[in-house]
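Basically the working numbering = 1-based index in the sequence shown + 750. What follows is a set of notes on a single structure, which appears directly below.
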Amino acid sequence: MAKILFFLFLVWLMGALGAAKTNFLDDVILSELDDLDVEDGDEAELFDLPRLGIERGNKILVNVDSFGAVGDGASDDTKAFVDAWKQVCSTPKSVFFVPAGRSYLVNATRFRGPCVGILRVQIEGTIVAPDDPKNWNFAKNGRIWLGFFNLTGALFQGGGVIDGSGSKWWAASCKKNKTNALTIYGSSGIKVKDLTIQNGQQMNFAISRSDSIRITGVTVSAPEDSPNTDGIHITESTNVVLQNSKIGTGDDCVSIVNASSSIKMKRIYCGPGHGISIGSLGKDNSVGIVTGVVLDNAFLRGTTNGLRIKTWQGGSGYVRAVRFQNVRMQNVSNPIIIDQFYCDSPKSCQNQTSAVEISEIVYRNVSGTSKSQKAIKFACSDNVPCSHIVLNNINLETRDGTAEVYCNSATGIGYGYIHPSAECLNSSDKKIKQKMDAGLDEPREEYIVHTEL
């Protein structure tokens, strides 16, 4: 009995020390990630937004059919949608309603706020874009198909479909002005739930200059060979939560670009596509800043990249305080990649000394199969190196067992099980190692806590 008790004590002690080590690293390296964990459950709210059932009791249902919408997929229903929107936006406790079983052809339109009270949009049918780019009025609507502007408190739901009819755009992708399908711009307190967004002309769903956005249970899809069809694109936005969503497109499943912070993703399926990307940043010597990004619990299948940070030479700014954890890969070409030499140009890019600084990046519990030999690649600038990179419990393998790690000007540490071995990363960041060792020599009680999400 005494031996059993002693064994159980050892197991507890090892777990406590492991938690101490993990939490100490978070304190030292990721101070900016405090309070960024994604809450469990679909109903954790970033803002006070009542649920919408389709009960009619105390709500005014504004049906687009009542404003002349035909819903046969061929008649132009744009005016009916605009008129219904004006009614909803000016009427408290009203619902913008798109009925099930019909397909509504809507041209490029900007639905503008501010509106009275919390806006509710119930999409149960299909909204479809014109399939010919010649019919678009770029002078009036810019590069947006369905744009929602200047809203404060809105719920979009209903299980319907937003279809960008992008095939002709993709065929002429280098010859036509490009446009995004669904855009939320300059808004706050927005929830998008249980919708399907597909076949975007370019980006399927863009969130721009917005705050406090929650996206739950959405499906975003476009063919694997459709160009530039990012699934969910986040720019100049803060406090964005994306969870329980399935994304498969011809470009990044999720792309996070300049002036974005506090981005939280949980339970994400990605594939096909180019993976989960921060960037690109720093193009044309611009400033790029992204901070406070968490991805927890994701599965990526058959993507060209997995967890990617990409920046152009010549840029400035920084990417910091990023945590990727509990990620499973299957047949992914570049599972973990930082590329400070990104060059999406027909011409070769000129070598430049300045770069977007990348630091405080954690990869924890990442496993699966790599399609390329270099399963982990840190291609960083000699003048602006990547620093404070942490690898913890990594297991990436190729079919033939030859997975490798590539490092250029990248420093950090690895602990726990690391495969393939990342000695090229571990050898240089002595400062972090010293702080970590010092912390483990004198463990404090508050270090011994449960740190998993």
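Using N, Cα and C, we set each Cβ at its ideal position, and we do this for glycine too.
Worksheet item: Does the Cβ-Cβ distance between V856 and S915 come in under 8 Å?
Response: Translated into the one-based positions of the sequence shown, residue 856 becomes position 106. Translated into the one-based positions of the sequence shown, residue 915 becomes position 165. Taking 8 Å as the cut-off, the beta carbon of V856 is found no closer than this to the beta carbon of S915.
Fill in: Which of helix, strand or coil DSSP assigns to Q1100
Looking up residue 1100 in the sequence shown gives position 350. Reduced to three states, the DSSP call for Q1100 is coil.
Discussion item. Does the contact criterion of 3 or more C-beta pairs under 8 Å hold for the region 1015-1029 versus the region 1059-1079?
Written reply: Touching, per the Cβ criterion.
Worksheet item: If you check the beta carbons only, do S1010 and I984 fall under 8 Å apart?
Response: Locating residue 1010 in the sequence shown gives position 260, where the first residue counts as 1. Locating residue 984 in the sequence shown gives position 234, where the first residue counts as 1. S1010 places its beta carbon less than 8 Å from that of I984.
Item to complete: Below 6 Å CB to CB, which residues in the same chain sit around T946 once its five sequence neighbours on both sides are set aside?
Response: Counting from 1 along the sequence shown, the entry for residue 946 is found at position 196. The residues V911, T969, in chain order, have a CB closer than 6 Å to that of T946 in the same chain once the five nearest residues on each side in sequence are set aside.
Worksheet item: Just how far apart, CA to CA, sit G939 and L905?
Response: The residue labelled residue 939 in the question sits at position 189 within the sequence shown. The residue labelled residue 905 in the question sits at position 155 within the sequence shown. The straight-line gap from Cα to Cα measures roughly 9 Å.
Discussion item. Helix, strand or coil for E795? Go by DSSP, reduced to three states.
Written reply: Here residue 795 corresponds to residue number 45 of the sequence shown, with the count starting at 1. Unreliable placement is indicated for E795, whose pLDDT of 42 sits below 50; the coordinate value is still reported in the next sentence. DSSP places E795 in coil when its eight states are reduced to three.
Discussion item. Suppose the cutoff is 6 Å on Cβ atoms and the five residues either side in sequence are ignored; what does the same chain contact list for G863 look like?
Written reply: The residue labelled residue 863 in the question sits at position 113 within the sequence shown. Same-chain partners within the cutoff: N900, L901.
Discussion item. Whole angstroms are fine: how far does the CA of K829 sit from the CA of D1094?
Written reply: Here residue 1094 corresponds to residue number 344 of the sequence shown, with the count starting at 1. Here residue 829 corresponds to residue number 79 of the sequence shown, with the count starting at 1. A direct Cα-Cα distance of roughly 40 Å separates D1094 from K829.
Worksheet item: Can you tell which of N978, N1055, N949 has the C-alpha that lies nearest to the C-alpha of A1125?
Response: Working through the sequence shown from its first residue, we reach residue 1125 at position 375. Of the listed residues, the one whose Cα sits closest to A1125 is N1055.
Discussion item. With a threshold of 7 Å (Cβ to nearest heavy atom), would I1039 be considered close to the ligand ADP?
Written reply: With respect to the ligand ADP, the structure shown offers nothing to examine, as it has no ligands at all.
Worksheet item: Measuring CB to CB, does Y1156 end up less than 8 Å from N1142?
Response: Counting from 1 along the sequence shown, the entry for residue 1156 is found at position 406. Counting from 1 along the sequence shown, the entry for residue 1142 is found at position 392. No. Outside cutoff.
Discussion item. Taking the straight line between their C-alpha atoms, what separation do you get for T933 and S1171?
Written reply: As a first step, residue 933 is located in the sequence shown; it is residue number 183 there, counting from the start. As a first step, residue 1171 is located in the sequence shown; it is residue number 421 there, counting from the start. Answer to the nearest angstrom: the Cα atoms are 42 Å apart.
Worksheet item: In the DSSP assignment, what residue or residues form a beta bridge with S1036?
Response: Numbered from its first residue, the sequence shown carries residue 1036 at position 286. None, per the DSSP bridge assignment.
Worksheet item: So, using beta-carbon positions, are V838 and I873 closer together than 8 Å?
Response: On the sequence shown, position 88 is the one that residue 838 refers to. On the sequence shown, position 123 is the one that residue 873 refers to. V838 places its beta carbon 8 Å or farther from that of I873.
Discussion item. What does the Cβ neighbour count give for T876, buried or exposed, with the cut at 16 atoms within 10 Å?
Written reply: By one-based count along the sequence shown, residue 876 stands at place 126. By the neighbour-count rule (16 or more Cβ atoms within 10 Å), T876 is buried.
Item to complete: Tell me, to the nearest whole angstrom, how far the beta carbon of Q1090 is from that of R1114; I am working on the premise that it is less than 8 Å.
Response: Looking up residue 1090 in the sequence shown gives position 340. Looking up residue 1114 in the sequence shown gives position 364. Taking the Cβ atoms as the reference, Q1090 lies roughly 22 Å from R1114, outside the contact range of under 8 Å.
Discussion item. Taking DSSP's pairing of strands, which residues face G1067 in a bridge?
Written reply: For the purposes of this step, residue 1067 is taken as the residue at position 317 of the sequence shown. DSSP lists G1038 as the beta-bridge partner residues of G1067.
Item to complete: Would you identify the three-state DSSP class for D1089, choosing helix, strand or coil?
Response: Taking the first residue of the sequence shown as 1, we reach residue 1089 at position 339. In this structure, D1089 counts as strand in the three-state DSSP scheme.
Practice prompt. Starting from the Cα of S1122, find the closest Cα among Q1080, C1130, I1006 and give me that residue.
Written response: Translated into positions along the sequence shown, residue 1122 becomes position 372. Taking the Cα of S1122 as reference, the smallest distance to any Cα among Q1080, C1130, I1006 is reached at Q1080.
Practice prompt. Determine the contact status of S1159 and P1135, defining contact as a CB-CB distance below 8 Å.
Written response: Residue mapping note: residue 1159 aligns to position 409 of the sequence shown, counting from 1. Residue mapping note: residue 1135 aligns to position 385 of the sequence shown, counting from 1. Contact: yes.
Worksheet item: Based on the DSSP secondary-structure assignment, which residues constitute the bridge partners of K996?
Response: If you number the sequence shown from 1, residue 996 lands on position 246. Note: K996 sits in a beta bridge opposite T969, Y1019.
Worksheet item: In three-state DSSP terms, what is C1174?
Response: Taking the first residue of the sequence shown as position 1, residue 1174 is located at position 424. If DSSP states are grouped into helix, strand and coil, C1174 belongs with the helices.
Worksheet item: Do you know whose CA, among G1162, A922, T859, I894, lies nearest S1109's CA?
Response: Position 359 of the sequence shown holds residue 1109. Among G1162, A922, T859, I894, the Cα nearest to that of S1109 belongs to G1162.
Discussion item. So, with DSSP's three-state summary, where would you put T929?
Written reply: One-based indexing of the sequence shown puts residue 929 at position 179. Correct three-state label for T929: coil.
Worksheet item: From which residue to which residue does the beta strand (DSSP E) around V1140 run?
Response: For this step, residue 1140 is matched to residue 390 along the sequence shown. Its beta strand (DSSP E) spans residues 1136-1147.
Item to complete: Kindly list the residues whose CB is nearer than 7 Å to the CB of D826, restricted to its own chain and excluding five residues on each side of it in sequence; keep chain order.
Response: Counting from one through the sequence shown, the residue named residue 826 turns up at place 76. These residues qualify, in order along the chain: L855, N857.
Worksheet entry | Runs of beta strand (DSSP E) lying entirely within the region 827-904, each at least 3 residues, in chain order | 844-848, 853-855, 859-862, 869-873, 876-878, 894-899, all fully within the region 827-904.
Worksheet entry | V814 in three-state terms, based on DSSP | Counting from 1 along the sequence shown, the entry for residue 814 is found at position 64. Annotated three-state conformation of V814 is helix, per DSSP.
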